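Just so you know, the sequences run in chain order U and F.
Here the first sequence is numbered in my numbering, starting from 1 and rising by one per residue.
Here the second sequence is numbered in my numbering, starting from 1 and rising by one per residue.
From the three backbone atoms N, C-alpha and C, an ideal C-beta is built for every residue, glycine too.
Quick caveat, the model's predicted, so the values are computed rather than measured.
2 protein chains.
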Amino acid sequence: MNTDKLPTRSENFSEWYNQLILRSEMADYAPVRGCMVVRPYGWALWENIQSALDKRFKETGHTNAAFPLFIPMSFLEKEKEHVEGFSPELAVVTIGGGEKLEEPLVVRPTSETIIGYMYSKWIKSYRDLPVLINQWGNVVRWEMRTRLFLRTLEFYWQEGHTAHATAEEAVEETVRMLNVYTDFAVNEAAVPVIPGRKSETEKFAGASDSYTIEAMMGDTRALQSGTSHFLGQNFAKAFDIQFLDPNNQQQHCWTTSWGLSTRFIGAIIMTHGDDQGLVLPPRLAPIQIVIVPIFRNDEEQAKVMSVAETLNRQLAEFRVKLDARSEVTPGFKFNDWEMRGVPLRIEIGPKDVDNGVVTVARRHLPGRAGKSTLPLGSEIAAQVQTVLDEIQAAMLVKARNFRDAHIHEPKDYEELRQIVQDGWALAYWCGSTECEARVKEDTKATTRCIPLDQPEGQGKCIVCGQPAKSKVYFARAY
Amino acid sequence: MNTDKLPTRSENFSEWYNQLILRSEMADYAPVRGCMVVRPYGWALWENIQSALDKRFKETGHTNAAFPLFIPMSFLEKEKEHVEGFSPELAVVTIGGGEKLEEPLVVRPTSETIIGYMYSKWIKSYRDLPVLINQWGNVVRWEMRTRLFLRTLEFYWQEGHTAHATAEEAVEETVRMLNVYTDFAVNEAAVPVIPGRKSETEKFAGASDSYTIEAMMGDTRALQSGTSHFLGQNFAKAFDIQFLDPNNQQQHCWTTSWGLSTRFIGAIIMTHGDDQGLVLPPRLAPIQIVIVPIFRNDEEQAKVMSVAETLNRQLAEFRVKLDARSEVTPGFKFNDWEMRGVPLRIEIGPKDVDNGVVTVARRHLPGRAGKSTLPLGSEIAAQVQTVLDEIQAAMLVKARNFRDAHIHEPKDYEELRQIVQDGWALAYWCGSTECEARVKEDTKATTRCIPLDQPEGQGKCIVCGQPAKSKVYFARAY
């Protein structure tokens, strides 16, 4: 372990982020530009994210499948906006088995096209609808400026693709999955995201409407953390996804797609992390509890280790680790596990054993404030569960308070320009691309989302003063 | 559903296999040559395979991680045998973001090289060893002749990669994972594989020793169903994976790799399937039980459906499906679920309700032999569990009997030539490449494995008559 101090967040948020990921062994740089290796600690977090999401997908009627990595170039060209959006970012296979390919193959940047093609083969009748399929996999987008987890050439994600008989059902699905993402983010990751609709400029290439969950990072910048798209009949028309309706008429389907990626790991790091390192929410943390035995001699060791091992067994229902390393000091272990963001540390020393208690330290409350004692005994697992639940809830409150303290409603354009330097501005906006572009040019802030939750009535655009129906968040974003 | 009859296995095993996969909706052909789409029913089977294996990997101390899809071409060239083995099969990315790449990137055919590179960065001291990492992912091999699941350009697998301080530990790991595969195949998939060592000719490109589990398909051909490789110091030397030993000396690591892929789905289909369709082992089947209500009028429907729904709830701990479709007949449903290989069908008609029983039909025993009745009531879940356990055990016995009936020990070379036309030959072999090549030329049979389980003493090579230490299986293989 590198024992140099991490840069602090206020010193250099960006370096704090990069260093923390490397030192906590969440990920590493790969020998291919812009690619990452997700190390076991990072992948275990992703597995917990996958499992929390997958459960929700299955509860809402979806099944998983796997579509090819390679997409014929001609497929992308069938949807005009789609190919315009993605063609600058493509990785292209031109050689296979030593021969030049007749048609180059694109490494999928997203799978609407190839899945659309398959749906056109599978869907014949209204009885085949809805089709509700999700895929867990990797995709590639040839990005120029990359950051671990936030923007890498290859990343891991899930992409849901559904086909419906009516526009209403497809819109309902789009919003349902946005709500699934919101529920996951808030209740599993303690990331208080704001769900809303994207502007025309910010929507997915080929979508009729894009929805997003937006999270505020520790430097107040916004991170788009998951998206759900209503694709209208755009892909159904491009790929001829048709069905025979109950009146024996051919109709085009209405489709959706929705995705959440390893980028969300970046959201967790930058929402909760502090100057000591990661702070992981108990529900997703790869290690929820670390037990650190403390002793100075063999006699104390025997006494403490026996209790530590019993406790380790009593807590087997949790993701618990007994850190029995002998080559490092307890102080080193404290720092190490703090850096790795383990939500709860249990210390056991000889005095604790004598008193029949353990000391617990809560990662999200460094120092004395987060420490208390728990009695050893048969109730310990239930008590630890209560503490973990409290930590989970407290992390959400803390993140929500931080977010709300950095959202302001500007009274005029000048105030908007100030606010977005260190926060988000919530303001009426007329919806025009010109006003959006002006804010971006003046401040680097973009429209993040038109929140689902809107006030009654209407107001005046913060930029041009024209009548405006909805408020929008403006913020600088990752 | 296509209601034409499947080709029978004896008519055309190969067409039976292809048709069955398409009709049962396990997989479909992709619009890219040699690629497949794994449909929800096939992917659900793969998820169950993944979960059974992943549990075993974690119990043996492994963690998962994710390494990049793209490997610089120069990496492959660092291990001579490795590049010779894989270079004819590579898919190569030459364009990224619209620009020609300076160094082409290979889409990974396997990840020894890039993982070796990362291990050389991570491993410094004997304290860092062993490193025990697995990856679930997709790989690409540009095959010329492809078959759904058995050999596709892109396939899904897990690849374990471990690094150790000594040769002994690495060999132990290689055999441990071979045993994990054997245990999985036998006890989860009811596929009675034979574990053994590969010949020099058949081993993995770059390995010192390759181990395999070999399964006999319903046409008696062999299918290599999982492999575990002892890589010696070959990759450690090529990628400079070194550690400081306790005496402060630099040493090269000893490494292993092991993999099992979606090919195993082919093994399950061709081990258990019959002329009616798939026969899936209860422990892995996506749907373990299907409930088919039978009624002729509204009154019967009300009576039967109420019992069927109660039963569906009572069996919620299983992967159960109540087939309440009204547009098809019970007979159609019977055929449909038989074709899809659901291990247990429960039929409920009005008379059954009157008698307080249900009829159960076991997929692996078609016709009357597989039918019996079970009393409705609070014990039904436990009784169904017993039946599923019996089915699982019976499927293994059946497959093992078939296999053993088609393994023969030839008394001379002429008999070997006969045997491998419709079975496997187990015979002494001197170990020479020449004898192996002669058998292949004469019969198309290859050495499948030198089984771990060997008789005492020695014998004479079935080909050349020279002294031979071990027996080997010869068989035609997929």
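{"query": "Of the residues U:ILE115, U:GLY97 and U:GLY85, which one's Cα is nearest the Cα of PRO88 of chain F?", "result": "U:GLY97"}
{"query": "Considering Cα atoms alone, identify which of U:ALA477, U:ASP54, U:ASN18 and U:TYR17 is closest to LEU260 of chain U.", "result": "U:ASP54"}
{"query": "Please list, in chain order, the chain F residues whose beta carbon lies closer than 7 Å to that of GLU59 of chain U.", "result": "Result: empty, since nearest Cβ-Cβ is about 14 Å, beyond 7 Å."}
{"query": "Three-state secondary structure (DSSP) at TRP479 of chain U?", "result": "Summary: the structure shown does not reach residue 479 of chain U, with chain U confined to residues 1 through 478, and so no result is reported for it."}
{"query": "Would THR255 of chain U be called buried (16 or more neighbouring beta carbons within 10 Å of its own) or exposed?", "result": "buried"}
{"query": "For the candidate residues U:GLN276, U:LYS333, U:VAL342 and U:ARG296, whose alpha-carbon lies nearest to that of LYS5 of chain U?", "result": "U:GLN276"}
{"query": "Grab the span of the beta strand (DSSP E) containing THR212 of chain U for me, first residue to last.", "result": "209-216"}
{"query": "Using a Cβ cut-off of 8 Å (strictly closer), state whether LEU105 of chain F contacts chain U.", "result": "yes"}
{"query": "Rounded to a whole number of angstroms, what is the C-alpha to C-alpha distance between THR433 of chain F and CYS464 of chain F?", "result": "12 Å"}
{"query": "Is DSSP giving ARG9 of chain F helix, strand or coil here?", "result": "coil"}
{"query": "Is the shortest distance between the beta-carbon of TYR117 of chain F and the beta-carbons of chain U less than 8 Å?", "result": "yes"}
{"query": "Only counting the same chain, and skipping five residues up and downstream in sequence, which positions put a Cβ closer than 6 Å to that of GLY232 of chain F?", "result": "SER208"}
{"query": "Skipping 5 residues on each side, what residues in its chain have a beta carbon closer than 8 Å to that of ILE123 of chain U?", "result": "LEU129, VAL131, ALA163, ILE241, GLN242, PHE243 and CYS253"}
{"query": "Return helix, strand or coil for ARG39 of chain U, following the three-state DSSP convention.", "result": "coil"}
{"query": "So, under 8 Å CB-CB, SER199 of chain F and GLU436 of chain F are touching, yes? Tell me the CB distance rounded to an integer number of Å.", "result": "6 Å"}
{"query": "Can you pull the DSSP bridge partners for TYR428 of chain F?", "result": "F:LYS471"}
{"query": "Would you list the one or two residues that DSSP bridges to GLN135 of chain F?", "result": "F:GLU159"}
{"query": "Closer than 7 Å by C-beta to ILE407 of chain U: which residues in its own chain qualify, once you throw out the five before and the five after it? Chain order, please.", "result": "GLY423, TRP424 and LEU426"}
{"query": "Find out if the Cβ-Cβ distance for the pair GLN288 of chain U, LEU388 of chain U is shorter than 8 Å.", "result": "yes"}
{"query": "With a Cβ-Cβ cutoff of 8 Å, do ALA285 of chain F and VAL320 of chain F count as a contact?", "result": "no"}
{"query": "Can you list, in chain order, the residues of the stretch 63-74 of chain F whose Cβ is nearer than 7 Å to any Cβ on chain U?", "result": "THR63, ASN64, ALA65, ALA66, PHE67, PRO68, LEU69, PHE70 and PRO72"}
{"query": "Considering only DSSP beta bridges, list what VAL484 of chain U is partnered with.", "result": "The requested residue 484 of chain U does not occur in the structure, where chain U is confined to residues 1 to 478."}
{"query": "Under 9 Å between beta-carbons, which chain F residues line up against ASP28 of chain U? List them in chain order, please.", "result": "MET118, LYS121 and TRP122"}
{"query": "Quick check on PHE67 of chain U: does DSSP put it in helix, strand or coil?", "result": "coil"}
{"query": "How is SER74 of chain U classed by DSSP in three states: helix, strand or coil?", "result": "helix"}
{"query": "Do you know how far the Cα of GLU188 of chain U is from the Cα of ASP298 of chain U?", "result": "42 Å"}
{"query": "Check whether the stretch 134-154 of chain U touches the stretch 164-183 of chain U, taking contact to mean three or more Cβ pairs, one atom from each stretch, closer than 8 Å.", "result": "no"}
{"query": "Quick one: which residues of the stretch 84-113 of chain U get their C-beta closer than 8 Å to a C-beta of chain F? List them in chain order.", "result": "SER87, PRO88, GLU89, LEU90, ALA91, VAL92, VAL93, THR94, ILE95, GLY96, GLY97, GLY98, PRO104, LEU105 and VAL107"}
{"query": "At the level of alpha carbons, what is the spacing between PHE295 of chain U and ALA302 of chain U?", "result": "9 Å"}
{"query": "Could you check which residue in F:THR373, F:VAL93, F:ILE291 and F:MET339 has the C-alpha nearest to that of ALA324 of chain F?", "result": "F:ILE291"}
{"query": "Quick one: give me the first and last residue of the beta strand (DSSP E) that VAL360 of chain F is part of.", "result": "357-362"}
{"query": "Measuring only from the beta carbon, is GLN50 of chain F closer than 7 Å to any heavy atom that is part of the ligand FAD?", "result": "The ligand FAD is absent from the structure shown, which contains no ligands of any kind."}
{"query": "Is the beta carbon of ASN138 of chain U less than 8 Å from the beta carbon of PHE57 of chain U?", "result": "no"}
{"query": "Could you tell me the distance, in whole angstroms, from the CA atom of GLU456 of chain F to the CA atom of THR310 of chain U?", "result": "47 Å"}
{"query": "Nearest chain U C-beta to CYS35 of chain F closer than 8 Å, yes or no?", "result": "yes"}
{"query": "Assign GLN224 of chain U to one of three DSSP states: helix, strand, or coil.", "result": "strand"}
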